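A.B. asks: According to numbering that gives the first Met the number 0, the residues represented by the sequence shown are 0 to 183, in order.
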Amino acid sequence: MPDSILFLPECHVDTALMRTLLYDRQKLITHIKGAPKVGDALHQQAERYGTSRLVIAMVDNDKHLFSIPKLQPFDQVVLQCEEPGCLFVVYRHRDLASQYLIVLDPACDGWIYGNVQAAGLSPTTHRLPELLPDFLGFTKRIQAEEQPEIVGLLKALRSSSPPAYGLLAAFVAERLGEAGQAGW
Numbered sequence: 000m001p002d003s004i005l006f007l008p009e010c011h012v013d014t015a016l017m018r019t020l021l022y023d024r025q026k027l028i029t030h031i032k033g034a035p036k037v038g039d040a041l042h043q044q045a046e047r048y049g050t051s052r053l054v055i056a057m058v059d060n061d062k063h064l065f066s067i068p069k070l071q072p073f074d075q076v077v078l079q080c081e082e083p084g085c086l087f088v089v090y091r092h093r094d095l096a097s098q099y100l101i102v103l104d105p106a107c108d109g110w111i112y113g114n115v116q117a118a119g120l121s122p123t124t125h126r127l128p129e130l131l132p133d134f135l136g137f138t139k140r141i142q143a144e145e146q147p148e149i150v151g152l153l154k155a156l157r158s159s160s161p162p163a164y165g166l167l168a169a170f171v172a173e174r175l176g177e178a179g180q181a182g183w
């Protein structure tokens, strides 16, 4: 059984989502910029901790994602969500069962928007743009995870727990339990 856990979100919006999924347990999160660096970080964690640490990375789907050499070993599908507008797949490393890669499709900001729509929430309630293109523009701000509008919307999303969000939250909670971090 792993004795620790680490989450590696790829961008600021992924970090905001991960903070919400973890109920703001920021000490378990290390923000990484870009999928290639996520691959590097996963590789470094494997070298340093082997299977004693669970590592869960989150990236946006990109047509070149699996051309990144250090992400290629993530080829075992362990969970798949096909909710329209909020797809995701969780892959496990073929040789390290303690490493997972969550791939969101569309990219995290669009994925959040799809979940917001599925939950019947309105972005305008949280002072965010109603239309997808404007919403995506807002989320591109630097340090999106610190924007109170995004944080508020994500907390509302957590409370309403639409199907895709709920499935992802359950996966994260199960991994926390495996690492002895269960219970908020």
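Backbone N, C-alpha and C define an ideal beta-carbon position, used for all residues, glycine too.
In this text the structure is predicted, and so the values were computed from the model without any measurement.
Helix, strand or coil for Ile111? Go by DSSP, reduced to three states.
C.D. replies: Numbered from its first residue, the sequence shown carries residue 111 at position 112. Looking at Ile111 - three-state DSSP - the assignment turns out to be helix.
A.B. asks: I'd like the span of the beta strand (DSSP E) that includes Arg126, first residue to last.
C.D. replies: The residue given as residue 126 occupies position 127 in the sequence shown. Per DSSP, Arg126 belongs to no beta strand (DSSP E) and is neither H nor E.
A.B. asks: What residue range does the beta strand (DSSP E) around Asp59 cover?
C.D. replies: In the sequence shown, counting from the first residue as 1, residue 59 sits at position 60. Residues Arg52 to Asp59.
A.B. asks: Which of helix, strand or coil does DSSP assign to Gln71?
C.D. replies: Here residue 71 is taken as the residue at index 72 of the sequence shown, counted from 1. Three-state result, Gln71: coil.
A.B. asks: Please classify Ala163 as buried or exposed, where buried requires at least 16 other C-beta atoms within 10 Å of its C-beta.
C.D. replies: Locating residue 163 in the sequence shown gives position 164, counting from the first residue. Buried, since its Cβ has 16 or more Cβ neighbours within 10 Å.
A.B. asks: Glu81: buried (16+ other C-beta within 10 angstroms of its C-beta) or exposed?
C.D. replies: Here residue 81 is taken as the residue at index 82 of the sequence shown, counted from 1. The residue is exposed, with fewer than 16 neighbouring Cβ atoms inside 10 Å.
A.B. asks: Name the DSSP beta bridge partners of Gln98, please?
C.D. replies: The residue you call residue 98 lines up with position 99 of the sequence shown. Gln98 is bridged to Val54.
A.B. asks: For Ala56 versus Val77, is the C-beta distance shorter than 8 Å?
C.D. replies: Walking along the sequence shown from the start, residue 56 turns up at place 57. Walking along the sequence shown from the start, residue 77 turns up at place 78. Between Ala56 and Val77, the CB-CB gap reaches or exceeds 8 Å.
A.B. asks: Using CA atoms only, rank isn't needed, just tell me which of Val150, Pro1, Val115 and Met17 is closest to Val102.
C.D. replies: Taking the sequence shown and counting its residues from 1, the one referred to as residue 102 is at position 103. The candidate whose alpha carbon is nearest that of Val102 is Met17.
A.B. asks: Where do the N-terminal and C-terminal ends of the alpha helix (DSSP H) with Leu5 fall, by residue?
C.D. replies: Position 6 of the sequence shown, counting from 1, holds the residue named residue 5. Where Leu5 is concerned, there is no enclosing alpha helix (DSSP H), although the beta strand (DSSP E) it sits in stretches over Ser3 to Pro8.
A.B. asks: Return the residue from the list Leu95, Cys10 and Ala106 that minimises the CA-CA distance to Gln44.
C.D. replies: Stepping through the sequence shown from its first residue, residue 44 is reached at position 45. Nearest of Leu95, Cys10 and Ala106 to Gln44, Cα basis: Leu95.
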